[in-house]
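Colleague: Below is one structure. I have some questions about it.
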Amino acid sequence: MLYYLIFIERIILKQKTLFTLLCIFLFTHKFSHAEKPLTVVQEVKQLGIFSEPSKYPEGMLEFFGSACKNFTCRAEKSTRQMALIFKRSKLYHQRKPGQQLYALAMFELFYLNELKKKEKRIEKFLLAWPEKSKYGKEVISLIKLNRSKEKMRKSLGMDLDMSIEKAMERYWIMGDFLQKGEIKNAKISKEIKKREKLLAKYKKAVNKFNSALKNKEDEDLYNKIKKK
Amino acid sequence: MIIKLKKINFFILTLIILAFFLTSLVKGDDDLNKNYNDFVKETNKIRNQLNSLPSSNSTQVSIIDSAIKEMDQAIEFAQENFNANDFQLTEKTLNFIDRSLADINNSVPKEFVNDLSVVDMSELKDKELKEVYQVSLEMKNNKKEKFTSLVKDMAEVDKKGLNLFEVSKNINDLGVKTISIQDIAKTVIENPTIKSEVLESAQKGISPEDLAEQLAEAEKLGIAESTEKLSEAAKASGFDKDVMPSLETMRSDFFDADAHNAAMAEMAADIQSGGIGEGVGAAEAAASYTEADRDSQKAQSEADCTGSCAGDTESGD
Chain E
1 MLYYLIFIER IILKQKTLFT LLCIFLFTHK FSHAEKPLTV VQEVKQLGIF SEPSKYPEGM
61 LEFFGSACKN FTCRAEKSTR QMALIFKRSK LYHQRKPGQQ LYALAMFELF YLNELKKKEK
121 RIEKFLLAWP EKSKYGKEVI SLIKLNRSKE KMRKSLGMDL DMSIEKAMER YWIMGDFLQK
181 GEIKNAKISK EIKKREKLLA KYKKAVNKFN SALKNKEDED LYNKIKKK
Chain C
1001 MIIKLKKINF FILTLIILAF FLTSLVKGDD DLNKNYNDFV KETNKIRNQL NSLPSSNSTQ
1061 VSIIDSAIKE MDQAIEFAQE NFNANDFQLT EKTLNFIDRS LADINNSVPK EFVNDLSVVD
1121 MSELKDKELK EVYQVSLEMK NNKKEKFTSL VKDMAEVDKK GLNLFEVSKN INDLGVKTIS
1181 IQDIAKTVIE NPTIKSEVLE SAQKGISPED LAEQLAEAEK LGIAESTEKL SEAAKASGFD
1241 KDVMPSLETM RSDFFDADAH NAAMAEMAAD IQSGGIGEGV GAAEAAASYT EADRDSQKAQ
1301 SEADCTGSCA GDTESGD
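Heads up: the protein sequence lines correspond to chains E and C, in order. For the first sequence, the numbering used here assigns the number 1 to the initial residue and increments by one for each residue that follows. For the second sequence, the numbering used here assigns the number 1001 to the initial residue and increments by one for each residue that follows.
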């Protein structure tokens, strides 16, 4: 009987050890993805502080017109135009290569307007964090927009530290420059067109999945904010 | 009997805790798995569509078809690694596929081409010239950084079983301009820290003789050194790398207008082919953010709001 009890005790002890090891493994596995530490507060502070742009590119002022003088009107007009440009077909962008760059300048205003609208909520979020996630959804949507802004700026050699005035100017100048080129039209066979279309789809599918893999860390951050 | 009950209790407790941890792990990867399934479905569909296209007499079309087929093994390799939970290796393989598909796409003739060689640079204002030049430089640097990282990734993928250097060589041999031996040689000369591992992998996929020849060529040129010298010479002639050349410099013999125009055209092609960043996709999503979305977000916030939100407006004032 005593032998049997000792045997049971040993099994339980072994199971306990196994259980502890398993827990350690699961914990380390779960958190090993976080290679670069992302603190929520740092991310939120990176969103910036709203300040009305002191100047706009000349072409942008022409686009606003004389009736649209305050920031809200300009930002809303830009947002509508940006949405229109982004919705245009690939063919349109091939024929009007500068438009996409103008839309990126307008995106800067769109972001700034979103920041203006949510500024107070960000403050309240920071005051309540980490105990509560007040206005977490709004903060997540702004972080996502800021990430997009960062990627777009980076591709033209700019970072988030660059002022909005300078960034808009650079986008606009590049847009003007691309518009100055001569659009040459060439006849393309149907066979080539079909392949071009499939290639574009192929690239899009690869890009989408690759972005999902790359954004895994960001998703962890968003979940952290959501779960509070 | 009590011991037996304790034992059963312990087992149940262990199972509950385990189930909790495992579900939390699985839940976190749910979205990624969905993305993966979409990716497999979509790429299989595209590959089937490409395979079912009628064969062509055109050499150009055959080259495109063969180059795309070269991607098959890389796609399968990425899928295998995702299923083995090696996300990093999957990402590295996908980076290569992305670059190769972009190169194949660039080799496809386009219906509309933006010819920037017609732009009279002297008509541009100094400020505009400076910006354009600055952007072209920054884009060049970005490309260089990306390429170095890609070559390093390719060496790592080779260690796990797929030689992407060989895949690149096959695409190049077809006539599509993609990652070349010259590019690899230049990169390893400029980045000695990755030289040994990259060369070890590259030699398996590329002829060691060709690689040695290109390396010798790159070393002979002394790229890093010559770049420095060029930069010094450029500065001496008023052509600073941080600023756009002045009009006087542009008119001088030193300034290679054709090369500059070619660089500008390359930059324009990059922008048009989506080189302005993945962010554009996200910006497009942001652009589709409508008033209806805003209203529903506002309604949700108000619903979530407790007494402490009293007095808050949309702008938070």
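Yeah, the Cβ is synthetic: ideal placement off N, Cα and C, and Gly gets one too. For clarity, every value in this text was computed on a predicted model and none was experimentally measured.
(1) Going along the region 65–76 of chain E in order, which residues come within less than 8 Å of chain C, judged by CB to CB distance?
(2) Sort out for me which residues DSSP pairs Phe1112 of chain C with in a bridge.
(3) According to DSSP, is Val1157 of chain C helix, strand or coil?
(4) Quick one: grab the DSSP three-state call for Phe50 of chain E.
(5) Determine, using beta carbons only, whether Ala1102 of chain C comes closer than 9 Å to chain E.
(6) At the level of alpha carbons, what is the spacing between Leu221 of chain E and Lys1004 of chain C?
(7) Residue range of the alpha helix (DSSP H) that Met106 of chain E falls in?
(8) Mind checking the region 1111–1139 of chain C against chain E and listing, in chain order, the residues whose C-beta falls within less than 8 Å of any C-beta there?
(9) Which of the residues in the region 1058–1072 of chain C, read from start to end, lie with their CB under 9 Å from any CB of chain E?
(10) Quick check: the Cα distance between Glu123 of chain E and Tyr135 of chain E, rounded to an integer number of angstroms?
(11) Can you pull the chain C residues whose beta carbon is under 8 Å from the beta carbon of Gly225 of chain E, in chain order?
(12) Can you tell which of C:Gln1203, C:Asn1057, C:Ser1056 and C:Phe1039 has its C-alpha closest to the C-alpha of Glu1076 of chain C?
(13) Taking the alpha carbon of Leu152 of chain E as the point to measure from, which residue in E:Ala103, E:Pro97 and E:Arg95 has its own alpha carbon closest?
(14) Report all residues from its chain with a CB closer than 7 Å to the CB of Glu165 of chain E; omit the five preceding and five following residues, and keep chain order.
(15) For Glu1248 of chain C, count neighbouring Cβ atoms within 10 angstroms of its own Cβ and tell me buried if that reaches 16, exposed if not.
(16) Rounded to a whole number of angstroms, what is the C-alpha to C-alpha distance between Ser211 of chain E and Asn1095 of chain C?
(17) Helix or strand or just coil, what does DSSP make of Asp1086 of chain C?
(18) In the DSSP assignment, find the unbroken alpha helix (DSSP H) run with Arg170 of chain E in it and report its ends.
(19) Which residue's Cα is closest to the Cα of Val44 of chain E: E:Phe125, E:Phe107 and E:Tyr92?
(20) Do Lys77 of chain E and Glu1091 of chain C count as a contact pair if the criterion is CB distance below 9 Å?
(21) Only counting the same chain, and skipping five residues up and downstream in sequence, which positions put a Cβ closer than 7 Å to that of Ala167 of chain E?
(22) Give me the Cα-Cα distance between Ile140 of chain E and Val40 of chain E, rounded to the nearest whole angstrom.
(23) Residues of chain E with CB under 8 Å from Pro1109 of chain C, in chain order?
(24) For Asp1173 of chain C, does the count of other Cβ atoms within 10 angstroms reach 16, so buried, or fall short, so exposed?
(25) What would DSSP say about Ile1179 of chain C, mapped onto helix, strand or coil?
(26) Listed in chain order, which residues of the region 1082–1096 of chain C have Cβ atoms closer than 8 Å to some Cβ of chain E?
(27) DSSP three-state call for Val206 of chain E: helix, strand or coil?
(28) Taking all protein chains shown into account, do 16 or more other C-beta atoms lie within 10 angstroms of the C-beta of Lys1220 of chain C, making it buried, or fewer, making it exposed?
(29) Give the single residue among C:Glu1197, C:Leu1129 and C:Asp1115 whose Cα lies nearest to the Cα of Met1121 of chain C.
Modeller: So, to answer that:
(1) Contacts with chain C (Cβ-Cβ distance below 8 Å) from the region 65–76 of chain E involve no residue at all.
(2) According to DSSP, which records beta bridges pairwise, Phe1112 of chain C is partnered with E:Asn185.
(3) Val1157 of chain C falls in the helix class under three-state DSSP.
(4) Secondary structure of Phe50 of chain E (DSSP, three-state): coil.
(5) With 9 Å as the cut-off, Ala1102 of chain C counts as an interface residue toward chain E.
(6) Straight-line measurement puts the Cα of Lys1004 of chain C at about 44 Å from the Cα of Leu221 of chain E.
(7) Counted as a single uninterrupted DSSP element, the alpha helix (DSSP H) harbouring Met106 of chain E occupies residues Gln99 to Ala128.
(8) Those residues of the region 1111–1139 of chain C that come within reach of chain E (Cβ to Cβ, closer than 8 Å) are Glu1111, Phe1112, Val1113, Asn1114, Asp1115, Leu1116, Val1118, Val1119, Leu1124, Lys1127, Glu1128, Glu1131, Val1132, Gln1134, Val1135, Leu1137, Glu1138 and Met1139.
(9) Answer set for the region 1058–1072 of chain C: Ser1058, Gln1060, Val1061, Ile1064, Asp1065, Ile1068 and Met1071.
(10) CA-to-CA, the gap between Glu123 of chain E and Tyr135 of chain E works out to about 10 Å.
(11) Strictly speaking, residue 225 of chain E in this sequence is Ile, with Gly absent from that position. Here the premise fails: no neighbours, minimum Cβ distance about 14 Å.
(12) Nearest option by C-alpha distance: C:Phe1039.
(13) First, the amino acid is wrong: residue 152 of chain E is Met here, not Leu. Here the closest residue by C-alpha is E:Ala103.
(14) So the list reads Pro53, Ser54 and Lys55, once near-sequence residues are dropped.
(15) Residue placement at Glu1248 of chain C is flagged as unreliable, the pLDDT there being 44, under the threshold of 50; the coordinate-derived value follows with that caveat. Around the C-beta of Glu1248 of chain C, fewer than 16 other C-beta atoms lie within 10 Å, and the residue is accordingly described as exposed.
(16) Rounded to whole angstroms, Ser211 of chain E and Asn1095 of chain C show a C-alpha spacing of 10 Å.
(17) In this structure, Asp1086 of chain C counts as coil in the three-state DSSP scheme.
(18) Segment Ile164 to Lys180, the alpha helix (DSSP H) holding Arg170 of chain E.
(19) Closest option to Val44 of chain E, Cα to Cα, is E:Phe125.
(20) Result no, Cβ atoms of Glu1091 of chain C and Lys77 of chain E do not sit closer than 9 Å.
(21) Cβ neighbours of Ala167 of chain E beyond the five flanking positions: Glu108, Arg153 and Met158.
(22) Cα atoms of Ile140 of chain E and Val40 of chain E: separation of roughly 10 Å, rounded to the nearest angstrom.
(23) Under a criterion of Cβ atoms nearer than 8 Å, the residues of chain E adjacent to Pro1109 of chain C are, in order, Ala186, Ile188 and Ile192.
(24) The residue in question, Asp1173 of chain C, is exposed, as its Cβ has fewer than 16 Cβ neighbours within 10 Å.
(25) If DSSP states are grouped into helix, strand and coil, Ile1179 of chain C belongs with coil.
(26) If the cut-off is 8 Å between Cβ atoms, the region 1082–1096 of chain C has Phe1087, Thr1090, Glu1091, Leu1094 and Asn1095 near chain E.
(27) DSSP places Val206 of chain E in helix when its eight states are reduced to three.
(28) With fewer than 16 other Cβ atoms from the protein chains shown falling within 10 Å of its own Cβ, Lys1220 of chain C counts as exposed.
(29) Comparing Cα positions, the closest option is C:Leu1129.
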